[in-house]
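Per the working numbering, residue 2 is the first one in the first sequence, and the count goes up by one each step. C-beta: ideal position from N, C-alpha, C; glycine also. Below is one structure, written out as structure tokens, with a few remarks after it.
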Amino acid sequence: MTFRLYDTATRDVRDFVPLEEGKAGLYVCGLTVQSEPHVGHVRSAVNFDVLQRWLRLRGYDVTFIRNVTDIDDKIIAKADGFGRPWYSHAAAMKRELDKAYAALNVAPPTYEPLATGHIPEMLELIETLIEKGHAYPAADGSGDVYFDVRSWPQYGELTRQGIDDMEAAEDADPRGKRDPRDFALWKGRKESEPETASWPSPWGRGRPGWHIECSAMAGKYLGPAFDIHGGGVDLRFPHHENEQAQSRAAGHPFASYWMHNAWITTAGEKMSKSLGNSLTIPSVLQRYRGIELRFYIVAAHYRSHVEFSFEALDEAAVGFRRIESFLERAGDVEAGALPDAFVAALDDDLGTPAAVAVIYDTVREGNKADDPRPYAAEVVAMLDVLGINPADPAWGTSGGDDQKLTDAVDALVAGLLEQRAQARADKDFAAADAIRDRIKAAGIEVEDTPHGPKWSIS
RNA sequence: GGUGGGUUGGCCGAGAGGCGAGGCAACGGACUGCAAAUCCGUGUACACGGGUUCAAAUCCCGUACCCACCUCCA
């Protein structure tokens, strides 16, 4: 059985055939670090994290590049609002992003290049495009350089659009463009912009256009041709279309497969960066554990639109706790083998919903069995693939004060449970229940198990 | 105008021609002193109208509604 994935470019599910046997080169568009990350951003990261884990488990030597855009219009504009330089703002938001990734157990990529660290590579690519007749410096002396879409007949092939069918942007400032659809490879510095946000170039000081960074960095770290390019659906056009056009026009075959994750919306609206609402990662993590949010994300297919709601997240969290309590009952086990159905699910375009169903089936079998451990071993292995194994150290240890607090509560509850045990032994159930109710009033649930009573925070 | 996607039971969410994915909730039962947990059972769900087929949620035609992208976006 081979891994199959949906390729946006061909619009069908195809066998994954890497360019080089046993290796997989993966480039994913990360974020523009302009504001706090929200649930939608993290969905993309989690989806591609699962892809990375699956490819590795499938035996591929994976090179995973996920870039960070740390210079662009919005960053400059937003930094102004904070009263700090653009680079300071970008760095601060990058730290928030890293925290969010860590909180969701998103494994780090092989390398995480910054746009500002690759200006020479971009300039080189732009010059190649000019030499080949696919780009030109603006005639208006602005210092801008544009990609000439009319010079590239395949323009629009990724998203199956004809140039003449495209609407020109309403706010399109024709500037020095030959065609309104031409896009900026390089932006000449404007007087209003900070000097620090510009770099020297053959066309004067300026900064890179948005798309060129990905072409340059993918080329540098993965080579002119690589296997998979990913990102959110919104990036298909213009970003990915432009990336592909400029890379291929420069003579690079570029990506073999394109993967795009769907949106998470709220109240029917997409989470735009401008909303800045309650769905930032820090705010969601005040109410739910990272592992619960990740489970919620992974329980839906990456290509399906998700309408975010706290009710749905609640349900997911409750369901996930059933898996966790099964593992607690089973005790410590090593990861075992993956059930065939689970492997088949992930091989089929990362079918995580079907994979989660296999986890639940296994949990049920384990709950029925005299010895749950073999089942727990399978469950642990499956959870590891999805990045939601509660025992994974990535979720952090609750040591220190938490542990001291737990010990203190345990000592107090233990005394009460002894009294209750005595009452039960005396068949004085009214007294026994009164003790249990009193403990419950403090927010602690008592359950009787074959191994004696157990308490947990309710 | 162009391009892509969607509409599944009380709710979430898979599936892409033929045994009702899975979860949450609800109800009944087993277990329990009672609970909890766990297990067993209970649902005739596929936007609408036609069509193809022995068989359609799944394919075809049409209709309605929703969403995304068209140079800031995960």
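Between Gly31 and Arg67, is the Cβ-Cβ spacing less than 8 Å? In the first sequence, the residue the question calls residue 31 occupies position 30. In the first sequence, the residue the question calls residue 67 occupies position 66. Yes, these two residues count as a Cβ contact at 8 Å.
CB Ile72 to CB Pro195, shorter than 8 Å? As a working note, residue 72 is residue 71 in the first sequence. As a working note, residue 195 is residue 194 in the first sequence. No. Outside cutoff.
Relative to the alpha-carbon of Pro121, which residue among Leu286, Pro254, Glu335, Met218 has its alpha-carbon at the smallest distance? Along the first sequence, read from residue 1 onward, the residue named residue 121 stands at position 120. Minimum Cα distance to Pro121 is reached at Met218.
Determine, using beta-carbon pairs with one atom in the segment 91–102 and one in the segment 149–161, whether at least three such pairs fall under 8 Å. With contact defined as three or more Cβ pairs closer than 8 Å, the segment 91–102 and the segment 149–161 are not in contact.
Beta-carbon proximity list for Lys274, same chain, < 7 Å, skipping 5 on both sides: Numbered from its first residue, the first sequence carries residue 274 at position 273. In this prediction, Lys274 has a pLDDT of 48, which is less than 50 and means its spatial position is unreliable; nothing more can be read from the coordinates.
Quick check on the burial criterion: 16 or more other C-beta atoms within 10 angstroms. Buried or exposed for Leu130? The residue given as residue 130 occupies position 129 in the first sequence. Residue burial is scored here from C-beta neighbours: Leu130 has at least 16 other C-beta atoms within 10 angstroms and is therefore classed as buried.
Neighbourhood of Pro138 by C-beta, 6 Å cutoff - its chain only, sequence neighbours within 5 removed: Walking along the first sequence from the start, residue 138 turns up at place 137. So the list reads Val146, Trp204, once near-sequence residues are dropped.
With a CB to CB cut of under 8 Å and the five nearest residues on each side skipped, what residues in its chain are close to Phe430? Taking the first residue of the first sequence as position 1, residue 430 is located at position 429. For Phe430, where only same-chain residues beyond five positions count, the Cβ hits under 8 Å are Ala424.
What do you reckon, is the C-beta of Ala116 under 7 Å from a heavy atom of the ligand SAH? The ligand SAH is not part of the structure shown, which contains no ligands of any sort.
Rounded to whole angstroms, what's the CA-CA distance from Arg57 to Leu6? Just pull it up for me. Here residue 57 refers to the residue found at position 56 when the first sequence is read from its first residue. Here residue 6 refers to the residue found at position 5 when the first sequence is read from its first residue. Arg57 and Leu6: Cα-Cα distance of roughly 15 Å.
Nearest by alpha-carbon distance to Ala116: which of Gly252, Ser199, Tyr102, Phe227 is it? Reading the first sequence from its first residue, position 115 is the one you call residue 116. For the residues Gly252, Ser199, Tyr102, Phe227, the minimum Cα distance to Ala116 belongs to Ser199.
State buried or exposed for Arg288, treating a residue as buried only when at least 16 other CB atoms are found within 10 Å of its CB. Taking the first sequence and counting its residues from 1, one reaches residue 288 at position 287. The residue is exposed, with fewer than 16 neighbouring Cβ atoms inside 10 Å.
Please report the straight-line C-alpha distance between Leu276 and Thr267, rounded to a whole angstrom. In the first sequence, counting from the first residue as 1, residue 276 sits at position 275. In the first sequence, counting from the first residue as 1, residue 267 sits at position 266. With a pLDDT of 49 at Leu276, under the threshold of 50, the predicted position of this residue should be treated as unreliable, though the coordinate-derived value follows. Roughly 11 Å between the two C-alpha positions.
Would you give the residue range spanned by the beta strand (DSSP E) that Gly26 belongs to? Here residue 26 corresponds to residue number 25 of the first sequence, with the count starting at 1. That run of the beta strand (DSSP E) goes 24–29.
Does the Cβ-Cβ distance between Met260 and Gly231 come in under 8 Å? The sequence position of residue 260 within the first sequence is 259, counting from 1. The sequence position of residue 231 within the first sequence is 230, counting from 1. Annotated as proximal: Met260 and Gly231, with beta-carbon spacing under 8 Å.
Met123 (DSSP reduced to helix, strand or coil): Start at 1 with the first residue of the first sequence, and residue 123 comes out as number 122. Three-state DSSP puts Met123 in a helix.
Can you tell me whether DSSP reads Val69 as helix, strand or coil? Against the first sequence, residue 69 aligns to sequence position 68. Three-state result, Val69: strand.
Residue environment, Thr236, which counts as buried when at least 16 other CB atoms sit within 10 Å: Mapped onto the first sequence, residue 236 falls at position 235. What sits at residue 236 in the sequence shown is Leu, not Thr. Burial of Leu236 is indicated by the presence of at least 16 other C-beta atoms within 10 angstroms of its C-beta.
Considering only C-alpha positions, which residue in the set Gln247, Val334, Gln162, Lys405 is nearest to Trp211? The sequence position of residue 211 within the first sequence is 210, counting from 1. It is Gln247 whose Cα lies nearest to the Cα of Trp211.
Find the nearest neighbour of Glu128 within the set Val43, Ala345, Pro209, judged by alpha-carbon distance. On the first sequence, residue 128 is found 127 positions in, with the first residue counted as 1. Of Val43, Ala345, Pro209, the residue nearest in Cα terms is Pro209.
On the criterion of 16 or more Cβ atoms from any shown chain inside 10 Å, does Glu462 qualify as buried, or is it exposed? Coverage of the chain is limited to positions 2 through 459, which leaves residue 462 absent and any answer about it impossible.
Which complete beta strand (DSSP E) runs does the segment 127–209 hold, if anything under 3 residues is left out? Within the segment 127–209, the beta strand (DSSP E) runs of at least 3 residues that lie entirely inside it are, in chain order, 136–138, 146–148, 184–189, 207–209.
With 16 other CB atoms within 10 Å as the buried threshold, where does Asp172 fall? Taking the first residue of the first sequence as position 1, residue 172 is located at position 171. Model confidence at Asp172 stands at a pLDDT of 47, short of 50, so the residue's coordinates are unreliable; what they give is reported in the following sentence. Within 10 angstroms of the beta-carbon of Asp172 lie fewer than 16 other beta-carbons, which makes it exposed.
Ser1 - DSSP class collapsed to helix/strand/coil: Because the chain spans 2 through 459 in this model, residue 1 falls outside it and cannot be assessed.
Thr450 - containing beta strand (DSSP E), residue span: Along the first sequence, one-based indexing puts residue 450 at 449. 445–450 is the span of the beta strand (DSSP E), which, as asked, contains Thr450.
Measuring CA to CA, which of Leu328, Arg190, Gly252 is closest to Asn390? In the first sequence, the residue the question calls residue 390 occupies position 389. Closest by alpha carbon: Leu328.
Report yes if the C-beta distance between Arg182 and Arg206 is below 8 Å; otherwise report no. Stepping through the first sequence from its first residue, residue 182 is reached at position 181. Stepping through the first sequence from its first residue, residue 206 is reached at position 205. Against a cut-off of 8 Å, the Cβ pair of Arg206 and Arg182 comes out as no contact.
How is Trp264 classed by DSSP in three states: helix, strand or coil? Within the first sequence, the letter at position 263 stands for residue 264. Three-state result, Trp264: coil.
Simplified DSSP state of Phe17, which is helix, strand or coil: Locating residue 17 in the first sequence gives position 16, counting from the first residue. Three-state result, Phe17: coil.
Which value, in whole angstroms, describes the spacing of the CA atoms of Ala10 and Asp348? Taking the first residue of the first sequence as position 1, residue 10 is located at position 9. Taking the first residue of the first sequence as position 1, residue 348 is located at position 347. Taking the straight line joining both Cα atoms gives about 19 Å.
Contact between the segment 45–55 and the segment 294–310 is defined here as three or more beta-carbon pairs at a separation below 8 Å; is this criterion met? The count of Cβ pairs closer than 8 Å, one atom from the segment 45–55 and one from the segment 294–310, reaches three, so the stretches are in contact.
Does DSSP put Trp211 in a helix, in a strand, or in coil? Here the question's residue 211 lines up with position 210 in the first sequence. Trp211: coil per DSSP, three-state reduction.
Can you say whether Asp341 is buried or exposed, counting buried as having 16 or more other CB atoms within 10 angstroms of its CB? In the first sequence, the residue the question calls residue 341 occupies position 340. By the 10 Å Cβ count, Asp341 comes out exposed.
Under 8 Å between the Cβ atoms of Leu351 and Leu52? In the first sequence, counting from the first residue as 1, residue 351 sits at position 350. In the first sequence, counting from the first residue as 1, residue 52 sits at position 51. In this structure, Leu52 lies closer than 8 Å to Leu351 by Cβ.
Looking at Ala251 and Lys133, is the spacing between their C-beta atoms short of 8 Å? As a working note, residue 133 is residue 132 in the first sequence. As a working note, residue 251 is residue 250 in the first sequence. In contact: Lys133 and Ala251 (Cβ atoms closer than 8 Å).
Near Gln245, which residues of its chain fall below 6 Å by C-beta distance, leaving aside the five closest residues on each side in sequence? Mapped onto the first sequence, residue 245 falls at position 244. Excluding sequence neighbours, Gln245 sits near Leu159, Phe255.
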